[in-house]
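Residue numbers (the working numbering), protein chains in the order written: chain A, 1 to 204; chain B, 1001 to 1204; chain C, 2001 to 2204; chain D, 3001 to 3204.
There are 4 protein chains.
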Amino acid sequence: MASGEAEKVSQNRKPGRPRSEQAHQAILCATAELMETMPVRTITIGGIAKAAGVGKPTIYRWWDSKCALVMDAFLERMGSQKQSGRPNNTIEALTDQLNQTIAQLRGRDGKIVAEIIGEGQSDAHVLDEFRQRFFNLLQNPARTLIQQGKDDGQIDQSLDTDLALDLIFGPIYYRLLVGHQPLDDSFSRALPDRVLIALQAPVP
Amino acid sequence: MASGEAEKVSQNRKPGRPRSEQAHQAILCATAELMETMPVRTITIGGIAKAAGVGKPTIYRWWDSKCALVMDAFLERMGSQKQSGRPNNTIEALTDQLNQTIAQLRGRDGKIVAEIIGEGQSDAHVLDEFRQRFFNLLQNPARTLIQQGKDDGQIDQSLDTDLALDLIFGPIYYRLLVGHQPLDDSFSRALPDRVLIALQAPVP
Amino acid sequence: MASGEAEKVSQNRKPGRPRSEQAHQAILCATAELMETMPVRTITIGGIAKAAGVGKPTIYRWWDSKCALVMDAFLERMGSQKQSGRPNNTIEALTDQLNQTIAQLRGRDGKIVAEIIGEGQSDAHVLDEFRQRFFNLLQNPARTLIQQGKDDGQIDQSLDTDLALDLIFGPIYYRLLVGHQPLDDSFSRALPDRVLIALQAPVP
Amino acid sequence: MASGEAEKVSQNRKPGRPRSEQAHQAILCATAELMETMPVRTITIGGIAKAAGVGKPTIYRWWDSKCALVMDAFLERMGSQKQSGRPNNTIEALTDQLNQTIAQLRGRDGKIVAEIIGEGQSDAHVLDEFRQRFFNLLQNPARTLIQQGKDDGQIDQSLDTDLALDLIFGPIYYRLLVGHQPLDDSFSRALPDRVLIALQAPVP
DNA sequence: CACTAAACGAGACGGTACGTCGAGTCTTGGA
DNA sequence: TCCAAGACTCGACGTACCGTCTCGTTTAGTG
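Written out as structure tokens, the structure reads:
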């Protein structure tokens, strides 16, 4: 009280036993492993609890729903995103970005992304989280590049940035989610050039 | 077979009571109504049966799964697709097609399409059915137009038709499924012109 | 239709699949077996379901609670009560009745009765059922004998019958439930004579 | 020992913070209050802890189980037993004892006794404790009186004392536990006379 | 007076059982 | 043979307590 200093500090910590970070990690880890081997839909909370050596209530203490947990587990594994970072040329950088995205969404990771978006169709919260925590993360570098391209004249300045992003990523997610065509190398080769035409040229 | 007597009336009809077309329709109708008011995921077979005044086994007699039924109910309501049919100009026809698709996927119908694709992420069969019975139906006219455009020189002949379709429809489904941006009028206005640039110009 | 007989009759039967008596019996049987080997309190609905090869909802369809089920299973096994029936002498018949009751409540059966009464202390419904379906059944013959004894002068006519029954059975249940003394042979030998004194003699 | 006490206090005390008698009492008190308002079975350790403003481990530090705690709380409230003590006449003293017991087991206290005995049916330890700490306490005065009655000729000397106690208390507990008849005044009036007949008269 | 060690409040932990719900199958009587 | 009805087995759901543990704090007695 004297000089108004923090004094006792008295601790802002909550009372009681703190949550076990070990249990938290075990759950995330078990979930990630289950996601490798089975569709998200068929994963059960009980199954995760058993795999993690954890009680069901512990899972519910940390996450509201299976989907929230799956989101976290997914992001943990996705966290290690490398940035090739070659800023010299906007167009080249965008091409890189695109190819990297396609590469990322091939295989199991892409399947999981698709499943999460699928779950999101019946649970707005999941889709929200997905956008905020994965999608924006992925899209923002491209957004910056587009802005940059518009500034230095490589991209049509009258083009709406959001639309540009949809032109770039739309075809990829389309194939990923509808599955009518694969995200193969020929797609990866042909798409960037074609899309970039649309971005560069001014609408007549 | 032994005594080979065709005897009593050859009868190519199956014996027993014939399936009730009335029940069939009641089920489809009840399903369609439920789809209007609740997410596909939360619809239950039992709920449909109750709403249709039908037994669950009757539903299983006609459809393998909830999703197959939902698909049928959905297609029934989607059946009445008008074709504006103005074949004079390929580019204009494609623009029409695009705008029509966007208009169609706005509102409840789009939500249902999204939910079906969502279900499809955990059930390959659903996605198969979706592609065969709805998606191709929708996409084939555009495919024809593109082919036509390539023939008469309005579209770059080196462009792969499948890729062209992804460029056209990708952004729409992307917005529909990820929900980061709406399928609004400004999108509807801006998208076709921009996409068609990509289709028309040759890659340098 | 012809002679205008009751014709349609229309049936008072409910529609739908009838309850499976087989499942009913399997549940009762499994419960009875579990009661043999473990305390009622530690028996679980899930355990019964598993042992009976039955789903939990089926159990809940037939019984409101574990205790109601246990009551039924218990009564089924208790059903085969022999009546030694020697009506020549009221006092002798009462003695028989008493000894028979003691014999019955020795061993596992008595333990189960005690456990059911124990459960009943926290669930009035259980105690109700117990009284109506087991206790009265057991006590009514004695009640008749007492009435008879009062009529033919062998039992004090001023004695309230309910009180008489409590004098007879009270000590037995007391030992059964409090467990301070066993229901052994010496008890079985000494009790009837002593109790019958109280019933026969008039209060001074 | 008094004056010349063993120098350095001799130190038989354990180190560390001593148990809090305040917590002990708070737990007992909270338990007693809960017992007033809800069945013993539905009381939970967590509920007691919350009501007493105490942590669960503190409860387990003092008591092994909910039942042990309930026993203690119950005995605390029962502690104030008055002894009317009129030793002039054995028979009258026994009658007094009986009426007092009936009066005591009427109302909430009786219900709690019944619930404890009920719990005891599935937990031998509870029943043990009950007998040692409540039941014997209650029964011993009567035992003494009976012995005394046998000595001075008012009670049949050939009567086993344990049996006598069962004859006296059996009907009371029987009504208490089975609940087929109330522990009302008419019972209280009629029982003692009738029971005492059995004790006094010799078996023919 | 500071140190030590146990008890304290709180509440998270791994479990177990709960009672409910939906899926997909089976079994009735009637059409 | 199909129909409506609904009971069936199965298994996941999310909740409630259990009895134990792990925190940070408090409190007596010792050094």
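For each residue, glycine too, the CB sits at the ideal point set by N, CA and C.
About 7 Å separates the beta carbons of isoleucine 3043/D and lysine 3066/D, which is inside the 8 Å limit, making them a contact pair.
Isoleucine 197/A has a beta carbon lying within less than 8 Å of a beta carbon in chain B. Between proline 2039/C and glutamate 2115/C the beta-carbon gap is near 6 Å, inside 8 Å, which marks them as a contact. By the CB criterion at 8 Å, leucine 2098/C and leucine 2176/C fall outside the cutoff. Just measuring C-alpha positions, the residue of Met71/A, Leu28/A, Thr37/A, Leu75/A sitting nearest glycine 53/A is Leu28/A. Per the C-alpha coordinates, the member of Ile59/A, His125/A, Pro192/A positioned closest to alanine 93/A is Pro192/A.
In this structure, leucine 2167/C keeps its C-beta atom at 8 Å or more from the C-beta atom of proline 3141/D. Chain-ordered, the chain A residues with CB closer than 8 Å to the CB of isoleucine 1117/B read Gly118, Gln121, Leu177, Val178.
Taking C-beta separations shorter than 7 Å and ignoring five residues to either side along the sequence, the partners of arginine 2143/C in its chain run Thr2161, Leu2165, following chain order.
Among the CB atoms of chain C, one or more fall inside 8 Å of the CB of aspartate 3160/D. Runs of the alpha helix (DSSP H) lying entirely within the stretch 3100-3175 of chain D, each at least 4 residues long, are 3107-3120, 3124-3130, 3136-3151 in chain order. Taking CB atoms only, valine 3070/D has no neighbour in chain C less than 8 Å away. The beta-carbon of valine 2040/C is placed less than 8 Å from the nearest beta-carbon of chain D. Comparing C-alpha distances from valine 3113/D to each of Ile3146/D, Thr3095/D, Asp3072/D shows the shortest one belongs to Asp3072/D. Around leucine 3137/D, the same chain offers no residue with a beta carbon nearer than 6 Å, after the five sequence neighbours per side are excluded.
Under the three-state reduction of DSSP output, lysine 14/A falls in the coil class, being neither helix nor strand. Residue-level contact check: valine 3126/D does not touch chain C, since none of the beta carbons of chain C fall below 8 Å from its beta carbon. It is roughly 9 Å from the alpha-carbon of threonine 58/A to the alpha-carbon of histidine 24/A. Interface with chain D (8 Å Cβ-Cβ cutoff): leucine 2167/C is included. For tryptophan 62/A, the uninterrupted alpha helix (DSSP H) run begins and ends at 56-62, by DSSP. At a cut-off of 8 Å, the C-beta of tyrosine 1060/B has no neighbouring C-beta in chain A. Taking a Cβ-Cβ threshold of 8 Å, none of the residues of chain A is close to arginine 1133/B; the smallest such distance is about 13 Å.
Around the beta carbon of arginine 3061/D, fewer than 16 other beta carbons sit within 10 angstroms, so the residue counts as exposed.
For the pair isoleucine 3197/D and glycine 3149/D, the CB atoms are not nearer than the 8 Å cut-off.
Note on glutamine 2121/C: 16 or more other CB atoms within 10 angstroms of its CB, so buried under the neighbour-count rule.
Counting along the chain, aspartate 184/A sits inside no alpha helix (DSSP H), nor does DSSP assign it H or E at all.
Not one beta carbon of chain B lies nearer than 8 Å to the beta carbon of arginine 108/A.
Distances from the CA of glutamine 100/A to each of Leu183/A, Leu199/A, Gly16/A were compared; the closest alpha carbon is that of Leu183/A. At a Cβ-Cβ threshold of 8 Å, leucine 2159/C and arginine 3133/D do not count as neighbours. The beta carbons of arginine 3108/D and glutamate 3036/D sit closer together than 8 Å. For threonine 2031/C, the enclosing alpha helix (DSSP H) has its first and last residue at 2021-2037. At least 8 Å separates the CB of phenylalanine 2074/C from every CB of chain D.
Under the three-state reduction of DSSP output, valine 3070/D falls in the helix class. Against chain B, the beta carbon of proline 171/A has neighbours under 7 Å at Asp1166, Leu1167, Gly1170, listed in chain order. When CB distances to chain B are screened at a threshold of 9 Å, the residues of the stretch 15-40 of chain A falling below it are Pro39, Val40, in chain order.
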